[in-house]
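Structure, as structure tokens:
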Amino acid sequence: MSHQLLLSLLLLAPVLGFFINGFNFSSTKAIAVGTLGTLCSFISFICSLGLVLKLGGLPEDQRRLTVEFFNWLQVADLKIGFSFIVDQISAVMILIITGIGTLIHLFSVGYMSHDLRPAKYFAYLNLFLFNMLLLVLSDNLLLMFVGWEGVGLCSYLLIGFWFSDPAKASAGMKAFITNRIGDVGFLIGMFILFFQFGTLNFVEILSRLPAVAELGWTGPITLSCLALFIGATGKSAQIPLYVWLPDAMAGPTPVSALIHAATMVTAGVYMIVRLSGLFVLAPNVMMLIAVVGAATALFAALIGLTQWDIKKVLAYSTVSQLGYMFLAVGVGAFGGAMFHLMTHAFFKALMFLGSGSVIHAMHEEQDIRKMGGLAKKLPMTHATFLVGWLAIIGFPFLSGFFSKDEILWSVYASPNGHPLLWFIGVCGAGCTAFYMTRLMALTFWGKSRVPKEIHPHESPLVMTFPLIILAFFALTIGWVGVPHILASVLPGHIPNVFEHWLEPVVPKLSFIGKSSLLEWALMGISVSVAGLCAWLAFDFYIVHKERPKSFVLKMGKLYQFVSHKFYVDEFYKQRILDPLIEGSTALWAYVDVNFIDRLTYFIADFTVSAGAGLKSIQNGQTQQYALYILLGLVTTITWILVG
Amino acid sequence: MQNIEAIGIGQNHYLILSAIIFSIGIMGVLFRKNIIMMLMSLELMLNAINLTFIAFGYFNGNLNGQIMVFFVMTLAAAEAAIGLAIAVMIYRKFNEVNIRYFEQMKG
Amino acid sequence: MFLSTLIFMPFVFALIVLFVPSKYIRSVSFGLALGHFFYSLNLLRFFDSSSHAIQLAQKIPWLPSLGITYFVGVDGISFWLVLLSTFLTPIVILASWESIKENVRGFHISLFALTSFMLGSFLAIDGVLFYVFFEASLIPMYFIIGIWGGQRRLYATVKFFIYTMLGSLFMLLAIIYLMKLTQVQFGQMSASILDWYKLEIPFVAGEFINTQTLLMIAFSLAFAIKVPLFPLHTWLPDAHVEAPTSGSVVLAAVMLKMGTYGFLRFVIPLFPGAVDYWSWVFLLLAVVGIIYGALVAMVQPDVKKLVAYSSVSHMGYIVLGLFVFNNYSVTGALYQMLNHGISTGALFLLVGLIYERTHSREISKYGGLASAAPWIGICFLIVTFSSIAVPMTNGFVGEFLILLGSFSTKKPFAVAASTGVVLGAAYMLWMTKKVFFGVESDLVKSEKLHLKEKGEKFDLRWREVAYLTPFLGLIFWMGIFPGHFLSYSTASLQHLTQSKGHYELQVLFASENDSKVVENNYQGK
């Protein structure tokens, strides 16, 4: 099949699924609609496999397939095609999206089997898939923005999927509006780029870049990168726009796995990697990205330490891991960011689905204080979750280890990096190890605290099968990106396939003058910090169960502060939303009703009273009228005679 | 006629007289409250005009003035007829012929 | 002849309706209006989209001594607005099928008259003729709101009428002055806009009292009230709230466009100097309107008022696009005129059909409508997305082009206006959440039960499906294939933006006879 056909099929399959299930939205046949949705997603996966194979078959410097369907928008110099590009970066993305997407569709068949509106769910899920593919495949910024907003839209619909609950509907709204704030940034960045380079096409932009980096803060490239980064903070839940992601957990759990862990939230990282040639020309913005990424990584990890909702813990963990990706991007390790994006997609999707399996088994109970000892009841879920846990805390030779280590090493060694950022990263990794172990300990290990009326049972195969596949990849996917120092000692000298794959399209970091000894040392430090924290958590929650309480008491206010998520939501509400609403009410009451309308009334009243005043002249007394006639006559005659 | 000229009565005298009569008429229309009196004052004004016409006709030596006077007299007759009719109607309605009662014309 | 037929056909319809037995009024009017719409589609055939000239023109002397003619023609600027007007009439008739119960005959006659006047004002090339149509369109609208409106309809109609009338009077003065100016400069009086374009109107930068500035203010006042531009907008929420659904739809979708169309046809090309110098005032008011409208919409307790204020915000975008005046922004503004017509029209239709079921417009009384009436929910959601400019819907293309264009030359305004993107999403989604999501409220429950007892459907009925489908189709069509629509306007808009200050338009007459008339007449400098 030609690549045009493959690409069309890749995009059309989810659309078709969306329409079939969408028109049939009230159907309750979960199996049928689920199979259809999964099938569409699977067709896409096959197509993307085909595309990637085709791409791999091309010579290394020509790996780029382009397809233009039609001309979308053309006004003067602006020419936006509905056109797509498959290159090394988007190839990785489409594989992740359709591959993990298919698994999550499959999982959903089991998860949503008792839901009232499965068809609607699968329709939205397919629509999301389409938009996400649009986002990663588009060859220009505007079409990317279409997907960008499209995934936000699906996220809105899916978070508010059970809209009868006002809190869930609100969470969807919050996600959409917070994303919109970022989108404005994206739009502005796009405008600056368009007027700077005269095009929105990625390839053309990158070919028209100046040779020298831009210093200061006010240059067009810096400003556009800054604006685009604001867009990325919205979509990828970075400080200060991360607040929507934890709330987004209101949606069905597979949605959290697909949208809010594996794919959509990484769109910001993808976008920056896509424009990496541009971003490296704005060192100030790069520094800002690194700082924001590091801050988010630590900040979210800290909040994660105190959460009791299994999905909230994972959500903050996602925010934190996204922070790592931005940290990597910020120091110029674009390959590392993509690598972590990929490994994270696998292990975080795995853990979300695992938590979904737990929640399903617990009859929608999400509080980990009411779990415990589930390892025996849910052996398969536990086993796969275990893999995810080990991967995320960076246990050697699992996927998370490779990617996190690469990021931390780049942060330390890159010319744009800084040891302080590395230190924050390691602290974050420690926190991650702690809260993930805490999650494992409270959910699966120790004694059962499950309420008596709930009898947890292992999920059906349709749900555990995706878990197994994901666990397999979480175990092994890291081996595509083995760092050089490890490869040099390991038998077989496994090459860094991933880095090699991305090399032609992503700027490469140079680590000249950094000794491999240092890298070994850093790797050792991060692994041991993670191990220490994991052990600490194990000690806290399994061995000495009284310790957390006394610790909390000791920390007092600080603990309160962290467990209330640093009062950021409250701050936004009190300082921004409430004044906005009050201000608007005041505007309406004072400007519209009391000022403009009053003024209108005043003019109207003036007219009426003027009329009333003049009316008295016409009082009906004939003799007065006669007098007016006389006066008029006299005046006229006088005027004629004198003038 | 020549006598008149002989005693020194000229065109101006006629005009002055008619002006005086006209003014009396105006004052009557403006300030008398009785409709009958107002109508009579109107007649007075018309007649003052008639006097002017005749005087001009005489002193200019043509008949135009006299012709105009006939028109005016016809008009005066018509006006008096309608005016008196209205006066009668007012009297019937209000038992008065005071113009004050005729205020309904106001807007 | 085609355009004149198009304009006066509804008048004939009104006459026909006068004699139709009352049982068949609705169906006959619907058939006639539908026929009129299909007839108007001939425009697509006759119109040459590659030319920026006034096409299919027809010119008949009317008051020769004053140079006033019956002069109609169409170009890329008015093209889609004409089709929008004809498109809406049958839809509005369908939408008021059940809600209008009294004096059905009068209603349809008013509606046809309104269509006719609206078409006339978009097609008139003669200034006086435009004024006549522009003003006359108030009358049927006055009746529609005043007779078939809500409880405070008299207050609303008077406010609406006097506001708009006041502005137009200044425009009349300006029109007369321009006619006089043609006499002074060309030796013969003319009311043709095309001749006015050639006028050299004295302008002094920096001074308030000079001919061009004063004329611009006079015209702008009329159009700004119609648009409505902040702070002249307060008539709109009242008029919308009191108007029947059909009135709201036509008002929002077409009548407001008469204001922006006026800016595009008169103010901008006629007074280039003054517009250039004073554009910041318009831009400021537009941006303030965008933000102000959105903020105030956010706190409205009444669904219709919310939509009305959202109109203020959306129309602000259009004015912003017009006065930034480059190819992108003007194209975007023209597109946004259509978009606003489609999306706000559909919003009012949906609000209307919800009102028909529940007899309440108070947002706080609603809840859970999406579970009670899922199809209504779906339609509303789609229209909401169009209104908040989600990509792939029509709204996005317009808003994007306007912001893009504004950003090239007026960055601060563009950045300020883009906050409207966020606020717009906020109020629309807030309303969607309150009305459609959550648990079914008492009102929804009881009305659902009530309708069930009566044996009527609570969700979308077929008649409603019939009139909503075209809107939904257009939302996506215009969003995915904007080229199909923009291609008709590109030539005109390009010509307009490129020939700033020396704008002239050629005329292509519809038939031989017409052009002879013109040869005898005065033809400019």
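Protein chains in written order, with the working numbering: chain A, 1 to 643; chain B, 1 to 107; chain C, 1 to 525. Backbone N, C-alpha and C define an ideal beta-carbon position, used for all residues, glycine too.
Which first and last residues belong to the alpha helix (DSSP H) in which residue i is found?
{"i": "B:Ile67", "result": "64-94"}
{"i": "C:Phe509", "result": "Note, C:Phe509: premise wrong, no alpha helix (DSSP H); beta strand (DSSP E) at 507-509."}
{"i": "C:Glu242", "result": "235-242"}
{"i": "A:His3", "result": "3-23"}
{"i": "A:Ala333", "result": "No alpha helix (DSSP H) holds A:Ala333; DSSP gives it neither H nor E."}
{"i": "A:Met380", "result": "379-393"}
Kindly indicate which three-state DSSP category residue i falls into: helix, strand or coil?
{"i": "A:Thr66", "result": "strand"}
{"i": "A:Asp405", "result": "helix"}
{"i": "C:Ser137", "result": "coil"}
{"i": "C:Glu362", "result": "strand"}
{"i": "A:Asp139", "result": "coil"}
{"i": "A:Val75", "result": "strand"}
{"i": "C:Gln55", "result": "strand"}
{"i": "A:Leu398", "result": "coil"}
{"i": "B:Tyr14", "result": "helix"}
{"i": "A:Leu209", "result": "coil"}
{"i": "A:Trp639", "result": "helix"}
{"i": "B:Val97", "result": "coil"}
From residue i to residue j, what does the alpha carbon distance come to, in whole angstroms?
{"i": "A:Thr381", "j": "A:Leu39", "result": "24 Å"}
{"i": "C:Phe130", "j": "C:Phe117", "result": "9 Å"}
{"i": "A:Gln623", "j": "B:Val29", "result": "7 Å"}
{"i": "C:Val17", "j": "C:Leu111", "result": "11 Å"}
{"i": "C:Pro61", "j": "C:Tyr70", "result": "6 Å"}
{"i": "A:Val319", "j": "A:Ile368", "result": "20 Å"}
{"i": "A:Gly34", "j": "A:Thr66", "result": "32 Å"}
{"i": "C:Tyr277", "j": "C:Gly501", "result": "13 Å"}
{"i": "C:Tyr366", "j": "A:Ile617", "result": "56 Å"}
{"i": "C:Leu172", "j": "C:Phe143", "result": "23 Å"}
{"i": "C:Leu214", "j": "C:Tyr309", "result": "29 Å"}
{"i": "C:Gly273", "j": "C:Gln498", "result": "15 Å"}
{"i": "C:Gly473", "j": "C:Leu350", "result": "15 Å"}
{"i": "A:Phe163", "j": "C:Val254", "result": "35 Å"}
{"i": "A:Gly430", "j": "A:Leu490", "result": "27 Å"}
{"i": "B:Glu43", "j": "B:Glu96", "result": "21 Å"}
{"i": "B:Ala19", "j": "C:Gln188", "result": "51 Å"}
{"i": "A:Ala333", "j": "A:His340", "result": "11 Å"}
{"i": "C:Asn520", "j": "C:Phe186", "result": "With a pLDDT of only 44 at C:Asn520, under 50, the local geometry of the prediction cannot be trusted, and no value is derived from it."}
{"i": "A:Met704", "j": "A:Ile221", "result": "In the structure displayed, chain A extends from 1 to 643; residue 704 of chain A sits before or after that span and is not available."}
{"i": "A:Gly304", "j": "A:Asn131", "result": "30 Å"}
Indicate whether residue i and residue j have their beta-carbon atoms separated by less than 7 Å.
{"i": "C:Ala294", "j": "C:Leu320", "result": "no"}
{"i": "A:Ile407", "j": "A:Ala328", "result": "yes"}
{"i": "A:Gln88", "j": "A:Trp422", "result": "no"}
{"i": "A:Phe25", "j": "A:Ala119", "result": "yes"}
{"i": "C:Tyr197", "j": "C:Glu504", "result": "yes"}
{"i": "C:Val92", "j": "C:Val250", "result": "yes"}
{"i": "A:Gly219", "j": "A:Gly182", "result": "no"}
{"i": "C:Ala14", "j": "C:Ile109", "result": "yes"}
Let's see if you can read the secondary structure: which residues bound the beta strand (DSSP E) around residue i?
{"i": "C:Thr69", "result": "68-74"}
{"i": "A:Phe82", "result": "78-86"}
When you measure from the CB of residue i to every non-hydrogen atom of the ligand PLP, does any distance come out below 6 Å?
{"i": "C:Phe8", "result": "The ligand content of the structure shown is nil, which means the ligand PLP is not present either."}
Q | Against chain A: residues of the stretch 142-169 of chain C by CB proximity under 7 Å | A | none
Q. Of the residues that make up the stretch 596-623 of chain A, which ones have a beta carbon closer than 7 Å to any beta carbon in chain B?
A. Lys615, Gln618, Asn619, Gly620, Gln621, Thr622, Gln623
Q.
Give me the subset of the stretch 441-452 of chain C whose CB atoms are less than 7 Å from a CB atom of chain A, sorted by chain position.
A. none
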